[in-house]
Amino acid sequence: MGGKRKILILFAGIGIIAFTAFITALMRLQNYNTTQVQVQVQGQADSVSGGSSTLNAKVTVGSPIATIPTSDFGINTAVWDWNLLSQSTEKLVKQAGIHMFRYPGGSTADLYHWQTNSIEPSSGITAAPKDAFTHFIQYVRKSQSQALITVNYGTGTPQEAAAWVKYAEVTHHYDVQYWEIGNEVYGNGTYGTKWEADSHAHIGPQAYADNALKYIKAMKQVDPAAKIGVDLIAPGQWPSNQQPNWNRTVLSTVGKSIDFVDVHWYPQQPGRVSDKGLLNSTKTIPNMMSQLRGLIRQYCGQNANNVKVLIGETNSVAKNPGKQTTSIVNALFLVNDLMTWLQQGAVNIDWWDLHNSENQAGNPPAATLQSQLYGSRNYGDYGILSAGRPSGPPSGSQSGSQSGSQSGSQSSSQSSLKSGSQRAATEPPLNTPFPTYYAMKLLSRLGKPGDTMLHVQVQGGNSAVSAYAVQRKGGTVGVLLVNRDRQHVLRVHVSIPHFHPFPITRTYSYGPKHESKITSGFGLSSVTVPPYSMKLLVLRKWW
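See below:
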């Protein structure tokens, strides 16, 4: 028996040596370089027309960008959503990894009275009884998420807002993360166009700033620890360049008293949308954030370092969503949108919205432009989940938000009613996920609060590729590749010097081939990212 054991041990030893040699050879073929602490992503994009380009991306592991905050990605919710707190909705939201809920719903906030769960009758909008604040906040707490509450500036009072803070923070200790004074108040007619309710005798940035100080004083009096913020306009977006200057006027008055600013960003105007334009629009985010930070430093004094930046609303187009909003293109945009704002220092980015409604008025009027937009759905919807049918009681209350982030030059189309009043029987059943839902879900697998975002530098001929990397707790590194090209297949090879991963890598993919699910699998360090697709690699350290 002793001889047999020796033979078995000998063969086992030979097997280990052979396996080690194979893996070593494989790693050499994959160009592992142990002289730098970085992740290298190298690839080639092959065009169906025969052209090619090379992608080189480097992720410096030793040079983190920032820790992912607990409030990272959120969703807008509304009291007019009669399916907001249904069991099926709660389950899907939890699976998407959403950590922040904005409430009570865009422009509805400036019409909403929380104590009675009612909306100004003149609006024609009805609040769902189940969506009252007490029910909403209990769900938020149960899901271990956070809340951004917009208090009623348009038709409310500082006393009403202070009572809300007292009820939530002092009486019940709900720990609401952020309190915002009004929604897009610059849309109250100050610059001609009006989409926001405002019953104050005076309007304009100075009037808003003076009244905001009254709100802050009343709210801080009941809870000095409450985090309170104001509305600003995304730099470079209408009406940021109009007079009187909103951002400078507001910050010069309230800058030393606020905890955050809220900016809304919709990069396109209806009738002027394109897939390529949308997917390239996120390149403007670093400049917008730089300008915001400059204004905060200029006007907030010693309080500047304490002032956070939130993106309370974002989606592809300012109003009348068309087919682009329900296509894979908007999912690709969502990933680049949320990740770029987060990398630039925003502590929270909230997508508009959870449920909205079908809209067929938003498709481009020109048949040629319509045919250039990718996707088979012939309707638009801001929601990440289908509303299925009119979201409300039989009386037909409006299922929409009057939020107006203007992102273009002045025109007669700058009213931003984000509702889908024009409906047909086209939209799928209630809570059917749209591509944007799966994009949000994929982001939750890239990294979680407490993980560390890493620098990524993409070099090469294919400028339509985005890459994001996160050092995750437990030692794994997530690398998310986004192929924004409609015609090119990206062949990517990933190597991690000084971080030798297992040869077999876990992957998660989402794209046009499987629009109704995220597919998972395993592969080597060489992966393929099809056109208009995303692939997440989870790299686990071997030695």
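When we follow the working numbering, the leftmost residue of the sequence shown carries the number 616, and every step to the right adds one. C-beta: ideal position from N, C-alpha, C; glycine also. None of these values were measured; they are calculated from a predicted model.
Which two residues bound the contiguous alpha helix (DSSP H) that contains residue i?
i: Y1083; result: That residue, Y1083, is in no alpha helix (DSSP H); its beta strand (DSSP E) goes 1080–1086.
i: V950; result: 943–958
i: R1166; result: For the chain, the structure presents residues 616 to 1158; residue 1166 sits outside this window and is missing.
i: Y754; result: 748–757
When the Cα atoms are used, what is the spatial distance from residue i to residue j?
i: L1152; j: V1080; result: 15 Å
i: T864; j: D790; result: 31 Å
i: I818; j: K781; result: 28 Å
i: W794; j: P1050; result: 30 Å
i: F637; j: P850; result: Residue placement at F637 is poorly supported in this model, since its pLDDT is 46, which falls under 50; the coordinates still yield a value, given next. Going by the C-alpha atoms only, they are around 55 Å apart.
i: K871; j: V1144; result: 48 Å
i: A724; j: L1061; result: 33 Å
i: A783; j: T772; result: 17 Å
i: W1157; j: G1090; result: 10 Å
i: A693; j: W853; result: 25 Å
i: G1138; j: R1121; result: 7 Å
i: K621; j: G1136; result: For K621, the pLDDT reaches just 42, beneath the cut-off of 50, and the residue's location in the model is therefore unreliable, although a value from the coordinates is still provided. One C-alpha to the other measures close to 39 Å.
i: Q906; j: V766; result: 27 Å
i: I900; j: L847; result: 15 Å
i: R1087; j: T770; result: 45 Å
i: W880; j: Y1053; result: 21 Å
i: S972; j: S758; result: 25 Å
i: A919; j: G960; result: 14 Å
i: L969; j: I999; result: 5 Å
i: D996; j: F1114; result: 43 Å
i: N798; j: R1155; result: 44 Å
i: N860; j: Q913; result: 15 Å
i: L739; j: S722; result: Checking the sequence, you will find Gly at residue 739 rather than Leu. C-alpha separation (whole angstroms): 13 Å.
Note the first and the last residue of the continuous beta strand (DSSP E) segment covering residue i.
i: T1143; result: 1141–1144
i: G1093; result: 1092–1098
i: G1138; result: 1129–1138
i: S703; result: Counting along the chain, S703 falls outside any beta strand (DSSP E), though it belongs to the alpha helix (DSSP H) covering 702–711.
i: Y793; result: 793–796
i: D965; result: 963–966
i: N902; result: Here N902 belongs to no beta strand (DSSP E); instead the alpha helix (DSSP H) covers 900–914.
i: A762; result: 761–766
i: S872; result: No beta strand (DSSP E) holds S872; DSSP gives it neither H nor E.
i: N691; result: 688–691
Among the options, which residue has its Cα nearest to the Cα of residue i?
i: P839; options: Y830, D846, I911; result: Y830
i: Q1102; options: P1048, G892, Y989, D725; result: Y989
i: P744; options: L700, T1143, A919; result: L700
i: G892; options: P854, S678, N862, V932; result: V932
i: N935; options: G886, A816, Q702; result: G886
i: G1003; options: D696, G1090, Q792; result: D696
i: R1106; options: V1071, K1150, S1135; result: K1150
i: M715; options: F1117, E928, S1131, Y1083; result: E928
i: S737; options: S814, N698, A762; result: S814
i: S855; options: K709, I764, P1118, V800; result: V800
i: S1141; options: S991, T1134, I1119; result: I1119
i: V1073; options: P1064, Y1083, G1065; result: Y1083
i: T941; options: H1129, S1001, A742; result: S1001
i: L949; options: N930, Q917, A827; result: N930
i: F1117; options: T1134, Y1123, S1124, V1092; result: V1092
i: A711; options: H1129, K1063, L1154; result: K1063
i: T868; options: Q857, A742, Q884, P820; result: P820
i: A827; options: L866, T808, G807, Y806; result: L866
Tell me, to the nearest whole angstrom, how far the beta carbon of residue i is from that of residue j; I am working on the premise that it is less than 8 Å.
i: M1055; j: I713; result: 7 Å
i: N691; j: W967; result: 5 Å
i: L1067; j: N993; result: One point to set straight first is that residue 1067 is Thr, not Leu, in the sequence displayed. Going by Cβ atoms, the distance from T1067 to N993 rounds to 42 Å, so no, they are not a contact pair.
i: D965; j: R756; result: Actually they do not touch by this definition, with Cβ atoms about 18 Å apart.
i: L707; j: P1044; result: At roughly 13 Å, the Cβ-Cβ gap does not stay under 8 Å, so L707 and P1044 are not in contact.
i: F688; j: L1058; result: 6 Å
i: V1109; j: V1094; result: 6 Å
i: N1046; j: S703; result: 5 Å
i: L763; j: N963; result: 7 Å
i: Y806; j: Q857; result: 5 Å
Within the same chain, show all residues whose beta-carbon is closer than 8 Å to that of residue i, passing over the 5 residues directly before and after it, in chain order.
i: N951; result: L894, T897, S1081, V1097, R1099
i: Y1147; result: I943, V944, L947, Y989, N1098, R1099, D1100, R1101, G1126, P1127
i: S844; result: At residue 844 the sequence reads Gly, which differs from the Ser that was named. Taken in chain order, the residues that qualify are Y793, W794, E795, I796, I873, D874, F875, V876, D877, K923, L925.
i: Q987; result: S889, D890
i: K835; result: A841, I843
i: S1006; result: Bear in mind that a pLDDT of 43 at S1006, under 50, signals an unreliable position, so the number given afterwards is only what the model happens to contain. W695, D696, W697, N698, H970, S972, S1014.
Under 7 Å Cβ to Cβ from residue i, same chain only, skipping five residues before and after it: list those, please.
i: A833; result: P773, Q774, A776, A777
i: V837; result: A777, V780, K781, V785
i: T1134; result: S1124
i: S686; result: H714, M715, Q761, Q792, V962, N963
i: W956; result: I900, I926, I964
Leaving out the 5 sequence neighbours to the left and right, which residues in its chain are closer than 6 Å to residue i when beta-carbon positions are compared?
i: W729; result: F748, W779
i: P719; result: V694, Y727
For a cutoff of 8 Å on Cβ pairs, would you count residue i as touching chain D?
i: Q730; result: This model lacks chain D altogether; it includes just one protein chain.
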